[in-house]
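Numbering (this note's numbering), first residue to last: 92 to 806. A virtual CB, placed ideally from N, CA and C, is assigned to each residue, including glycine. Take a look at the structure below.
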Amino acid sequence: MKDDKGFSATDSDMADVYPLQLRLSVQRETNSFGVRISKKDNAVELFKRACKMFSVDSEMLCIWDYSDQITFLMNDNNQVPVDCQRQSDQEILLELQVYGLSDSIRCREGPGEAGSLGLTGLQNLGNTCFMNSSLQCLAHTPKLVDYFLEDYIREINHDNPLGMNGEIALAFGDLLRKLWAPGASPVSPRIFKSKLARFAPQFSGFNQHDSQELLAFLLDGLHEDLNRVKCKPYIEVKDGDGRRDEEVADEYWHNHLARNDSVIVDVCQGQYKSTLVCPVCRKVSVTFDPFMYLSLPLPSTTVRTMTITVVSGNGGEMSQLSPYTITVPKNGRFEDLTRALGIACSLGADETLLVAEVYNNCIIRFLEDPTDSLSLIRDADKLVAYRFLKCNVDAPLVVFINQRMEEQYVYGKQTLNWKAFGIPVVDRLYSVTNGSDLRNLYLKWFYPFQNPIEEALENCLVSKETEEDAETEVTTPSLGSNVNELDTPSDGGMEFYVTDEKGTIKNSKILMNEPLAINGDLRLLHVLVCWSEEQLKIYDTQLCSSLPEVFKSGFLAKRPQESVSLYKCLEAFLQEEPLGPEDMWYCPGCKEHRQASKKLDLWRLPEILVIHLKRFQYSRYLKNKLETYVDFPVDNLDLSAYITYGNDESYHYTLYAVSNHYGSMGGGHYTAFVHRGGDQWYDFDDSHVNPISKEKIKSSAAYVLFYRRNFEVST
Numbered sequence: 092m093k094d095d096k097g098f099s100a101t102d103s104d105m106a107d108v109y110p111l112q113l114r115l116s117v118q119r120e121t122n123s124f125g126v127r128i129s130k131k132d133n134a135v136e137l138f139k140r141a142c143k144m145f146s147v148d149s150e151m152l153c154i155w156d157y158s159d160q161i162t163f164l165m166n167d168n169n170q171v172p173v174d175c176q177r178q179s180d181q182e183i184l185l186e187l188q189v190y191g192l193s194d195s196i197r198c199r200e201g202p203g204e205a206g207s208l209g210l211t212g213l214q215n216l217g218n219t220c221f222m223n224s225s226l227q228c229l230a231h232t233p234k235l236v237d238y239f240l241e242d243y244i245r246e247i248n249h250d251n252p253l254g255m256n257g258e259i260a261l262a263f264g265d266l267l268r269k270l271w272a273p274g275a276s277p278v279s280p281r282i283f284k285s286k287l288a289r290f291a292p293q294f295s296g297f298n299q300h301d302s303q304e305l306l307a308f309l310l311d312g313l314h315e316d317l318n319r320v321k322c323k324p325y326i327e328v329k330d331g332d333g334r335r336d337e338e339v340a341d342e343y344w345h346n347h348l349a350r351n352d353s354v355i356v357d358v359c360q361g362q363y364k365s366t367l368v369c370p371v372c373r374k375v376s377v378t379f380d381p382f383m384y385l386s387l388p389l390p391s392t393t394v395r396t397m398t399i400t401v402v403s404g405n406g407g408e409m410s411q412l413s414p415y416t417i418t419v420p421k422n423g424r425f426e427d428l429t430r431a432l433g434i435a436c437s438l439g440a441d442e443t444l445l446v447a448e449v450y451n452n453c454i455i456r457f458l459e460d461p462t463d464s465l466s467l468i469r470d471a472d473k474l475v476a477y478r479f480l481k482c483n484v485d486a487p488l489v490v491f492i493n494q495r496m497e498e499q500y501v502y503g504k505q506t507l508n509w510k511a512f513g514i515p516v517v518d519r520l521y522s523v524t525n526g527s528d529l530r531n532l533y534l535k536w537f538y539p540f541q542n543p544i545e546e547a548l549e550n551c552l553v554s555k556e557t558e559e560d561a562e563t564e565v566t567t568p569s570l571g572s573n574v575n576e577l578d579t580p581s582d583g584g585m586e587f588y589v590t591d592e593k594g595t596i597k598n599s600k601i602l603m604n605e606p607l608a609i610n611g612d613l614r615l616l617h618v619l620v621c622w623s624e625e626q627l628k629i630y631d632t633q634l635c636s637s638l639p640e641v642f643k644s645g646f647l648a649k650r651p652q653e654s655v656s657l658y659k660c661l662e663a664f665l666q667e668e669p670l671g672p673e674d675m676w677y678c679p680g681c682k683e684h685r686q687a688s689k690k691l692d693l694w695r696l697p698e699i700l701v702i703h704l705k706r707f708q709y710s711r712y713l714k715n716k717l718e719t720y721v722d723f724p725v726d727n728l729d730l731s732a733y734i735t736y737g738n739d740e741s742y743h744y745t746l747y748a749v750s751n752h753y754g755s756m757g758g759g760h761y762t763a764f765v766h767r768g769g770d771q772w773y774d775f776d777d778s779h780v781n782p783i784s785k786e787k788i789k790s791s792a793a794y795v796l797f798y799r800r801n802f803e804v805s806t
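Given below as structure tokens:
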């Protein structure tokens with residue numbers, strides 16, 4: 092009799108009213124975990140469950156009861172004693188003793204060896220560190236460990252067309268059990284890898300891949316393989332129609348659960364609010380969508396450093412090369428670049444800049460449209476900004492391409508060819524009437540690069556002595572109008588030709604004493620300047636031959652270390668922003684595609700929160716890895732201020748695992764850090780498992796963060 096209100100139960104019934112809490116531990120090990128079983132279970136059932144959890148044979152198990160310090164061995168047919176069943180408020184401690192494994196149990200302090208439960212490495216099959224990193228993080232995720240160590244097979248959905256017939260779930264479950272077996276040595280994930288390659292061909296072979304992409308596939312695959320919904324109903328999404336957000340959000344969530352119900356949904360899925368606003372009719376669309384993880388941008392990378400060389404077209408002392416490193420918005424426009432560069436080089440109010448991209452010593456384009464995106468400029472590009480007076484901007488532009496004779500070997504035979512060198516000279520054609528004016532305009536730019544006067548005078552004397560023989564030094568005949576004609580300057584100086592933008596042809600030769608034939612509509616003139624060896628001795632052309640890249644990448648040239656808090660990353664993720672031209676939204680009000688503004692808000696947070704830091708950037712012109720140091724909380728991630736809808740639940744999280752990426756994009760190495768209680772952390776580096784201090788957990792290598800929620804009721 093429970094009380095005098097008439098509720099009664101037999102001893103057998105009471106066994107399920109107060110389920111027995113068992114704690115199973117391995118002898119000589121410090122780790123333990125608890126399971127719940129019915130008090131009506133006999134020892135045979137206990138043996139079966141223990142065998143599954145520890146992946147050992149039943150003859151190696153012996154269960155003892157240490158409650159109230161009464162020791163007895165439970166045989167195969169005994170039920171839990173009635174006295175124990177009636178201890179409703181006391182934990183019955185059962186110790187699992189595993190015999191015959193002492194030889195395989197290794198010392199946990201041994202380098203690279205895992206002696207405790209779960210501290211087991213994964214063999215690298217060849218560039219599979221990305222997979223090992225994600226697997227270790229999931230294999231130490233609360234609830235998932237308990238789930239896959241118990242009888243999860245009964246929940247496999249073999250009929251789900253979106254699933255993989257349970258094969259991914261089975262392969263993962265088998266692998267997790269091996270990792271948690273006592274005394275296990277490093278496990279080979281070969282079977283799991285083969286299943287992965289079968290259902291996700293993008294991960295086949297032995298190339299390096301992204302641990303987050305693997306994680307996203309695996310979470311989705313496990314969900315579909317374990318989806319408890321056997322037949323997904325068709326559900327029509329209803330518009331909010333002015334209803335309260337709470338009502339609409341719950342409706343979306345219930346509709347989602349009607350089609351998706353698995354341990355992954357239970358543990359890992361949350362919900363965010365998405366608001367779209369049409370820029371024309373101001374139509375507002377609100378949806379509530381599920382998420383498995385949050386992909387956060389790194390807001391410190393909203394700026395970009397660029398190095399550009401400024402040169403003067405005014406001659407005299409100002410004719411110099413000056414590289415400037417500026418900071419511009421990463422997603423900015425060309426006008427942001429010219430503004431920052433003008434400030435850096437102290438551009439006068441009467442001056443302007445003309446920016447050009449130089450490739451193979453020729454200008455391949457001018458950057459003049461102020462609305463062009465800076466993403467069109469790559470890190471490896473070389474930019475030059477020519478400085479002019481505004482009063483001359485209406486004059487035609489002339490681009491001088493420098494060429495010199497160079498020896499080349501083709502099929503073992505020595506040949507001579509004209510080849511471009513140095514930085515192209517750009518100036519305005521004002522007060523230029525003949526070839527001599529054009530030559531002086533060009534040489535004025537090189538005055539600062541003259542060699543010391545004594546050497547220059549000596550070179551001039553040599554030039555006069557060899558002037559008469561200049562034409563006979565090259566015996567190869569002219570090959571026509573191609574630029575590689577081997578005609579050298581007849582006066583031992585320079586010759587000027589009208590050419591194309593690449594300097595590949597010689598049109599008419601420009602004579603010094605004849606008027607310069609310039610069409611009145613001409614806005615851009617390309618001139619090829621052929622240098623003699625004598626002229627090359629007068630000027631130090633090396634000073635004007637090299638240009639720095641916009642950003643020099645490489646092992647020894649790293650970007651300045653940036654730092655940002657995880658909260659700032661989250662704020663950038665939640666910030667309102669316009670959709671890109673490629674993501675136009677169909678407005679139901681306008682009946683047209685519009686570039687709407689989008690705002691995300693966190694609405695429902697999961698028990699396990701996975702945060703992906705977007706370190707890898709891909710675009711048509713740019714591929715890059717961000718080395719930004721993200722300062723993320725380890726013990727208390729407080730999201731209370733970022734949740735839109737609160738209901739007295741806890742929004743405090745504790746970090747329990749990190750997937751790290753070291754090295755550059757397209758290569759590098761992945762590892763995992765896992766929390767084991769207190770201040771105890773371990774570094775999982777493929778087969779090697781070693782303790783690591785808590786102070787080393789935070790680094791610029793952190794890529795995917797795994798948090799578990801603390802369930803204290805917020806005040």
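Counting along the chain, where does the beta strand (DSSP E) carrying residue i start and finish?
i, result
"histidine 684", "683-685"
"asparagine 508", "504-511"
"phenylalanine 775", "772-776"
"serine 656", "654-656"
"arginine 245", "Here arginine 245 belongs to no beta strand (DSSP E), and DSSP marks it neither H nor E."
"leucine 670", "Unbroken run through leucine 670: none, as it is neither H nor E."
"arginine 800", "793-801"
"glutamine 214", "Taken as a continuous stretch (DSSP letters only), glutamine 214 belongs to no beta strand (DSSP E), as it is neither H nor E."
"isoleucine 699", "699-704"
"alanine 763", "760-766"
"phenylalanine 642", "No beta strand (DSSP E) holds phenylalanine 642; DSSP gives it neither H nor E."
Mind checking whether residue i and residue j have CB atoms under 8 Å apart?
i, j, result
"isoleucine 514", "valine 449", "yes"
"leucine 696", "valine 721", "no"
"serine 778", "glycine 254", "no"
"tyrosine 40", "leucine 445", "Only positions 92 to 806 of the chain appear in this structure, which leaves residue 40 out of reach."
"leucine 465", "phenylalanine 425", "yes"
"leucine 306", "isoleucine 355", "no"
"isoleucine 702", "tyrosine 384", "yes"
"serine 302", "serine 755", "no"
"proline 782", "tyrosine 773", "yes"
"phenylalanine 283", "phenylalanine 263", "yes"
"glycine 331", "valine 377", "yes"
"leucine 534", "isoleucine 601", "no"
Hey, could you find the ends of the alpha helix (DSSP H) residue i is sitting in?
i, result
"glutamate 624", "624-629"
"lysine 689", "Not the alpha helix (DSSP H): lysine 689 falls in the beta strand (DSSP E), residues 688-695."
"asparagine 223", "220-230"
"phenylalanine 263", "258-270"
Out of the options, point me to the one whose CA is closest to residue i's CA.
i, options, result
"arginine 767", "Thr232, Phe587, Ala431 and Asp591", "Thr232"
"asparagine 451", "Glu592, Leu665 and Lys597", "Glu592"
"arginine 319", "Leu387, Leu657 and Asn248", "Asn248"
"arginine 799", "Met675, Asn781 and Asp726", "Asp726"
"glutamate 698", "Val358, Glu342, Ile326 and Ala272", "Val358"
"glycine 759", "Glu718, Lys789 and Asp336", "Glu718"
"valine 523", "Asn604, Phe723 and Leu670", "Asn604"
"serine 207", "Leu235, Leu261 and Ala272", "Ala272"
"leucine 348", "Gly594, Asp460, Thr366 and Phe382", "Phe382"
"valine 339", "Leu638, Asn251, Thr398 and Trp694", "Trp694"
"serine 813", "Ser791, Ser790 and Ala748", "Look at the range of the chain in this structure, 92 to 806, and you will see that residue 813 is not part of it."
State the beta-bridge partners of residue i as determined by DSSP.
i, result
"isoleucine 601", "Phe587"
"alanine 447", "Phe457 and Val475"
"glutamine 541", "Tyr630"
"proline 606", "Asn525"
"alanine 748", "Val765 and Phe797"
For chain D, find out if any of its Cβ atoms is closer than 8 Å to the Cβ of residue i; answer yes or no.
i, result
"asparagine 801", "The structure shown contains no chain D, having only a single protein chain."
*What are the complete alpha helix (DSSP H) segments, minimum 4 residues, inside the stretch 341-427?*
354-359
*Taking only runs of the alpha helix (DSSP H) that begin and end inside the stretch 291-330, which ones reach a length of at least 4 residues, in chain order?*
302-316
*Quick one: complete alpha helix (DSSP H) runs, 4+ long, within the stretch 452-536?*
526-535
*Please list the segments of the alpha helix (DSSP H) lying wholly inside the stretch 717-746, counting only runs of 4 or more residues, in order along the chain.*
none
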